[in-house]
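One structure is given here, and the rest of the page talks about it.
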């Protein structure tokens, strides 16, 4: 398990951050509350303000694999909402009582197209975010192959 | 093994494509030729023009795991060159004689910063590309966990 550091707001100037704050819906969440489920239509991007959120994936119907726990203010999740096919690839559940900012993807996309510089910075943040997650996930895959190799040799 | 469909040029207009073509170095490559090795400093992004390129990762010193084979004109690889820490996370080797376009990342970044719209489109293409690879890699990881679960049950 790792703590991703994806920040939607990275590199934005004050006016741009204000714009995003203006469209954020503030959610007060309870421990155990499900924010979204893997496979659901992805309609919103989320940013952690307070608390902790666990991301998991279904390996089987009755077995969920933990992917990461977000604990830092500004941690982004649900970013699948900004890219086709707009389906959540993980589930997100609150591990603690806290506060989450919700950005409806249609509203966010409108703001991004109106302010080209803002849109560009968010796309660059997304690219960096997915790239870092990809490197981590490939690393995990490697560890599994190594274990597999060792077990076939013993 | 899958065939990624990352296209550096997606969404660009004719003038922008011309700009990129203007900075591309054309490489005539032979079967078996190594383009870059995992862990190398990532200085260029590549686009397949003709032929086929295999991407692999080292699991151990003497064991390379195939990640994908690129066969389509326009397939991008080495895109780590555009993002920190600028290190190739895979190795790329020609599976066939062919032609590859090489874009030095410093030159490409300069063009991207001069033409903001071009830079923005390339960042969006990168975000989509890494997102798709991430989904595939997570899927593979899941399959390994499923196999592991089944083996512990039997």
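Residue numbers (my numbering), protein chains in the order written: chain F, 5 to 158; chain S, 5 to 158.
Glycine residues also receive a C-beta, built at the ideal position from the N, C-alpha and C atoms.
1) Less than 8 Å between CB atoms is the rule here; does residue 67 of chain F satisfy it with respect to chain S?
2) Give the DSSP bridge partners of residue 50 of chain F, in chain order.
3) Within 10 angstroms of its Cβ, does residue 66 of chain S collect 16 or more other Cβ (buried), or is it exposed?
4) If you compare alpha carbons, which of F:51, F:84, F:61, F:87 is closest to residue 75 of chain F?
5) DSSP has residue 97 of chain F in a bridge; who is on the other side?
6) So which residues on chain S does residue 137 of chain F lean against when the C-beta distance must stay under 7 Å?
7) In three-state terms, what does DSSP make of residue 87 of chain S?
8) Any beta carbon from chain F within less than 8 Å of residue 6 of chain S's own beta carbon?
9) Given that a residue counts as buried once 16 or more other Cβ atoms are within 10 Å of its Cβ, and exposed if not, what is residue 3 of chain F?
10) Beta-carbon of residue 98 of chain S versus every beta-carbon of chain F: anything under 8 Å?
11) According to DSSP, is residue 122 of chain F part of a helix, a strand, or is it coil?
12) Compare the C-beta of residue 58 of chain F against all C-beta atoms of chain S and say whether one is closer than 8 Å.
13) Taking residue 85 of chain F as the query, report the chain S residues whose CB atoms sit under 7 Å from its CB, ordered along the chain.
14) Beta carbons nearer than 7 Å to chain F: which residues of the segment 140 to 157 of chain S have them?
15) Report, in whole angstroms, the separation of the C-beta atoms of residue 82 of chain F and residue 134 of chain F, which I expect to be a contact under 8 Å.
16) Alpha carbon to alpha carbon, what distance is there between residue 95 of chain F and residue 38 of chain F?
17) Please identify the residue among S:24, S:61, S:25, S:32 whose C-alpha is closest to the C-alpha of residue 42 of chain S.
18) Determine the DSSP secondary structure at residue 7 of chain F, reduced to helix, strand or coil.
19) According to DSSP, which residues form a beta bridge with residue 33 of chain F?
20) Going along the chain, which residues of the segment 121 to 132 of chain S sit with their C-beta nearer than 7 Å to a C-beta in chain F?
21) From residue 127 of chain F to residue 153 of chain F, what distance separates their C-alpha atoms?
22) Quick check: residue 145 of chain S and residue 141 of chain F, are their CB atoms within less than 8 Å of each other?
23) Count the other C-beta atoms from every protein chain shown that fall within 10 angstroms of the C-beta of residue 147 of chain S, then say buried if there are 16 or more, exposed otherwise.
Reading it off the structure:
1) As a first step, residue 67 of chain F must be located in the first chain, where it is residue number 63. Closer than 8 Å to some Cβ of chain S, the Cβ of residue 67 of chain F qualifies, so yes.
2) As a working mapping, residue 50 of chain F is identified with position 46 in the first chain. Looking at the DSSP assignment, residue 50 of chain F forms a beta bridge with F:81, F:106.
3) Along the second chain, one-based indexing puts residue 66 of chain S at 62. It is exposed - the Cβ of residue 66 of chain S has fewer than 16 other Cβ atoms within 10 Å.
4) Locating residue 75 of chain F in the first chain gives position 71, counting from the first residue. Ranked by how close their Cα comes to the Cα of residue 75 of chain F, the residues F:51, F:84, F:61, F:87 have F:51 in first place.
5) Position 93 of the first chain, counting from 1, holds the residue named residue 97 of chain F. Note: residue 97 of chain F sits in a beta bridge opposite F:38, F:58.
6) Taking the first chain and counting its residues from 1, the one referred to as residue 137 of chain F is at position 133. Neighbours of residue 137 of chain F across chain S, judged by C-beta separation under 7 Å: 138.
7) Looking up residue 87 of chain S in the second chain gives position 83. Annotated three-state conformation of residue 87 of chain S is coil, per DSSP.
8) For the purposes of this step, residue 6 of chain S is identified with residue 2 of the second chain, where counting begins at 1. Note that residue 6 of chain S has pLDDT 42, beneath the 50 cutoff, so the model's placement of it is unreliable and the number below is only indicative. For residue 6 of chain S, no Cβ of chain F is located within less than 8 Å of the residue's own Cβ.
9) The structure shown does not extend to residue 3 of chain F, since chain F is modelled only from 5 to 158, so the question has no answer here.
10) What you label residue 98 of chain S is simply residue 94 of the second chain in a count that begins at 1. Not an interface residue.
11) Position 118 of the first chain holds residue 122 of chain F. The three-state secondary structure of residue 122 of chain F, taken from DSSP, is helix.
12) For the purposes of this step, residue 58 of chain F is taken as residue 54 along the first chain, with counting starting at 1. At least 8 Å separates the CB of residue 58 of chain F from every CB of chain S.
13) One-based indexing of the first chain puts residue 85 of chain F at position 81. Simply none; closest approach about 11 Å.
14) Correct list: 141, 142, 144, 145, 146, 148, 149, 150, 153.
15) Along the first chain, read from residue 1 onward, the residue named residue 82 of chain F stands at position 78. Along the first chain, read from residue 1 onward, the residue named residue 134 of chain F stands at position 130. So it is not a contact: roughly 13 Å between Cβ atoms.
16) The sequence position of residue 38 of chain F within the first chain is 34, counting from 1. The sequence position of residue 95 of chain F within the first chain is 91, counting from 1. Distance between the alpha carbons of residue 38 of chain F and residue 95 of chain F is about 8 Å.
17) Taking the first residue of the second chain as position 1, residue 42 of chain S is located at position 38. Cα-wise, what sits closest to residue 42 of chain S is S:61.
18) As a working mapping, residue 7 of chain F is identified with position 3 in the first chain. A caution first: residue 7 of chain F carries a pLDDT of 42, below 50, which makes its placement in the model unreliable, though a value can still be read off. Residue 7 of chain F sits in coil when the DSSP states are folded into three classes, being neither helix nor strand.
19) The sequence position of residue 33 of chain F within the first chain is 29, counting from 1. Paired residue(s): F:102.
20) Correct list: 123, 124, 127, 128, 130, 131, 132.
21) Translated into the one-based positions of the first chain, residue 127 of chain F becomes position 123. Translated into the one-based positions of the first chain, residue 153 of chain F becomes position 149. Taking C-alpha positions only, residue 127 of chain F is separated from residue 153 of chain F by approximately 38 Å.
22) The residue labelled residue 145 of chain S in the question sits at position 141 within the second chain. The residue labelled residue 141 of chain F in the question sits at position 137 within the first chain. Yes.
23) In the second chain, counting from the first residue as 1, residue 147 of chain S sits at position 143. For residue 147 of chain S, the number of other beta carbons within 10 angstroms of its own is below 16, and it is reported as exposed.
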